Structures are given as C-alpha cells and as structure tokens.
Amino acid sequence: MKEIKKILGIISILFFVSAIVIISGCTNTTSPTAVTKTFTETKTETKTETNTELQSQVESLLEQVQKLEEEKKNLTFQISELETEINELKKVIDEKNTVISAMNKTLLEKEEELRSLKNIREMHNATINGYTYFKSGMSLMMAGTLYLNDALHLTENGEFEKAKNFVRNATEYFQKARENFIQAKEYFERGKQYANLSEDIRRIGTMSILSSELANDMESYLTACSNLETALDKFIEGDYYNGQSYFEKAVEFILELKEGWN
-12 MKEIKKILGI
-2 ISILFFVSAI
8 VIISGCTNTT
18 SPTAVTKTFT
28 ETKTETKTET
38 NTELQSQVES
48 LLEQVQKLEE
58 EKKNLTFQIS
68 ELETEINELK
78 KVIDEKNTVI
88 SAMNKTLLEK
98 EEELRSLKNI
108 REMHNATING
118 YTYFKSGMSL
128 MMAGTLYLND
138 ALHLTENGEF
148 EKAKNFVRNA
158 TEYFQKAREN
168 FIQAKEYFER
178 GKQYANLSED
188 IRRIGTMSIL
198 SSELANDMES
208 YLTACSNLET
218 ALDKFIEGDY
228 YNGQSYFEKA
238 VEFILELKEG
248 WN
C-alpha cells in the first residue's frame, strides 16, 4: 500500500508540472500575423522550368516506347517464321535419315536463335511496361508538385482551410506516383534479367535505379505533405508557434529534394 501511495503521489506531481508547462506554452502563443514567410525567403526555381524539363523527359520516354513497340512486332513475326521452319525441319529429319546429323545441327542453331529472340521479346515487354509505369509516375509527381506549391502559397497568405485541401490532393498524387515508380522498377529489373547485350543491361539498369530513387523522393514529398498538413491544423487551432515549426520542417524537406535533383 505504501508503494502504491508513493507512485500515485509521483503521478500527481507530474500532472501538476505538465499543466504548468501547457499553460506557459499557451501564454506565449504568437498571433496569426507572426507566421513568417519562410518559403518565400527560400523559394527555389520556378515550377514552370521544372515542368518543362519533366515534360521533355516524358516525351523522350514516349519515343523510346514507340520504337520498342515496332521492334516487338518485328520480333513476333520472326519468331512465327522460325517456329514454322523448325516444324518443317523436324519432318525432313524423320524422312531423311542420311541427313539427320546436319539437320540436328541446324535445328539446334534455330532453337537457340528462337530462345534468344524470345528473351529479347520478354526484355522489351518488361521494359515497355516499365516505361509505362515510369511515365505515369512522372505525370502524377508533376501534378502533386503543383498542388504542393499552391498549398504553400495559400498557407503564406493565411488561407489555411483551402491550403489543407490542396495538401491532401498533393498527398494522393505523390502516393500514386510512388506506387507507379515501384512498379516501374520491378519491370525494369525483370527486363534486365532477359537482356544479353551490355548496352541493354546498362540502359535498363539505369532506369531501374532512377525509378527506385524517385520512389524514395516520393516518400520525402509525403513527409513534407504530412508536416504541412499538421502545420495547417495547428494554424487553424490558433497554435501558430507549433504550426510555424511544422511549416518550416515541410519547407526543409522540399528544399532537400530540390538540391538532390540538381
């Protein structure tokens, strides 16, 4: 009983001290006009330049996908031709025992060529899917960036409720972009397994790494959105001191991403 009373006494003292700290924090709350324009002072390059660069990358990816689609059609036709030829060769072998050895050699060569072409086709299938998800991820990321930029400006102007809606939209786009970049990486890794030329392995491997890095960037964007949304909640509640702290954290994440892209 004495130990229980002792513990209860300690808890009572802790609650009393916590109450004093909370009351002290409330009395030091700054006014709405104290929200500094941290983002304005550390503004990065204009979103127009960023979007132009990203759009150029997307157009380049579309051209590569179109070329791969054409090559895939040609490969499918070649594979069909080779399969027909192999079937004819098998019939000749049965009928002409004297040329079995020569025909078997040809058969093996054709089958090896067929396997090689099928591997190339699998590589292109996976790579095309990778580019498709990558392009989608880029578009979603661009949309999320626009919403996030608008949310930051609205926050600076004191339009907290409206800014909160923009942050939620940005969060949704960044989450979808992350999922697309993860899918892109998986397809690029699959394509690399079927590649046999060093230049194909290097090209597909580069896209796999880039997809992985962008997926990680989306995590940072999501963290920035979370901090910004928390800041807006604090501003709406009137807690401008803590709101400003979360706002600065959000801007810090965005600036780190900007430096990484450079």
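Numbering (the numbering used here) for the sequence shown: -12 to 249.
For each residue, glycine too, the CB sits at the ideal point set by N, CA and C.
No experiment lies behind these values; they were computed from the predicted model shown.
TODO: Give the single residue among M110, Y118 and L141 whose Cα lies nearest to the Cα of S47.
DONE: Closest in C-alpha terms to S47, from the list M110, Y118 and L141, comes Y118.
Task: Sequence-distant residues of its chain with Cβ nearer than 6 Å to I73 (five each side left out) - done: When the five nearest sequence neighbours on each side are left out, the beta carbons in the same chain lying within less than 6 Å of the beta carbon of I73 are those of K97, in order along the chain.
TODO: Determine the burial state of T39: buried for a count of at least 16 other Cβ atoms within 10 Å of its Cβ, exposed for fewer.
DONE: Its Cβ having fewer than 16 others within 10 Å, T39 is exposed.
- [ ] Please say whether D204 and L244 have beta carbons closer to each other than 7 Å?
- [x] Here L244 is near D204, since their CB atoms are less than 7 Å apart.
Open item on the list: Taking the alpha helix (DSSP H) that A113 belongs to, which residues open and close that run?
Closed with: Unbroken alpha helix (DSSP H) run through A113: I87 to E143.
TODO: Let me know the secondary structure DSSP gives E166 once reduced to three states.
DONE: Helix, per DSSP.
Open item on the list: Cutting at 7 Å between CB atoms, please list the residues of its own chain near E200, excluding the five before and the five after it.
Closed with: Leaving aside the five residues that flank E200 on each side, none in its chain has a CB nearer than 7 Å to its CB.
TODO: Let me know if K60 comes out buried or exposed under the rule of 16 or more other beta-carbons within 10 Å of its beta-carbon.
DONE: It is exposed - the Cβ of K60 has fewer than 16 other Cβ atoms within 10 Å.
Task: Length of the line joining the Cα atoms of S103 and F240 - done: Whole-angstrom Cα-Cα distance: 47 Å.
Task: Cutoff 6 Å; reference G145; Cβ partners in own chain excluding five residues on either side - done: If we look at G145 and ignore the five residues flanking it on each side, it has no Cβ neighbours.
Open item on the list: At the level of alpha carbons, what is the spacing between H140 and A157?
Closed with: C-alpha separation (whole angstroms): 14 Å.
- [ ] Using only alpha-carbon positions, find the residue among T71, M125 and T85 that is nearest to E166.
- [x] Ranking T71, M125 and T85 by Cα distance to E166 puts M125 first.
Task: Where T20 falls, given that 16 or more other Cβ within 10 Å makes a residue buried - done: Summary for T20: the model assigns pLDDT 46, below 50, so the residue's position carries little reliability; its value from the coordinates is reported in the next sentence. For T20, the number of other beta carbons within 10 angstroms of its own is below 16, and it is reported as exposed.
Task: Coil, strand or helix - E46 by DSSP - done: Reduced to three states, the DSSP call for E46 is helix.
Task: Spatial neighbours of Q162 in its chain, beta-carbon cut-off 8 Å, leaving aside the 5 residues before and after - done: M205 and L209, listed in sequence order.
TODO: In the DSSP assignment, find the unbroken alpha helix (DSSP H) run with E206 in it and report its ends.
DONE: For E206, the enclosing alpha helix (DSSP H) begins and ends at S185 to E224.
Open item on the list: Spatial neighbours of N214 within its chain, please: C-beta separation below 8 Å, excluding the five flanking residues on both sides.
Closed with: Correct list, in chain order: Y233, F234, K236, A237 and F240.
Task: For E70, three-class secondary structure by DSSP - done: Reduced to three states, the DSSP call for E70 is helix.
- [ ] Under 7 Å Cβ to Cβ from K149, same chain only, skipping five residues before and after it: list those, please.
- [x] The answer, listed in chain order, is L141.
Task: Separation of Y181 from K92, as counted between CA atoms - done: In this structure, the straight-line span from the alpha carbon of K92 to that of Y181 is close to 25 Å.
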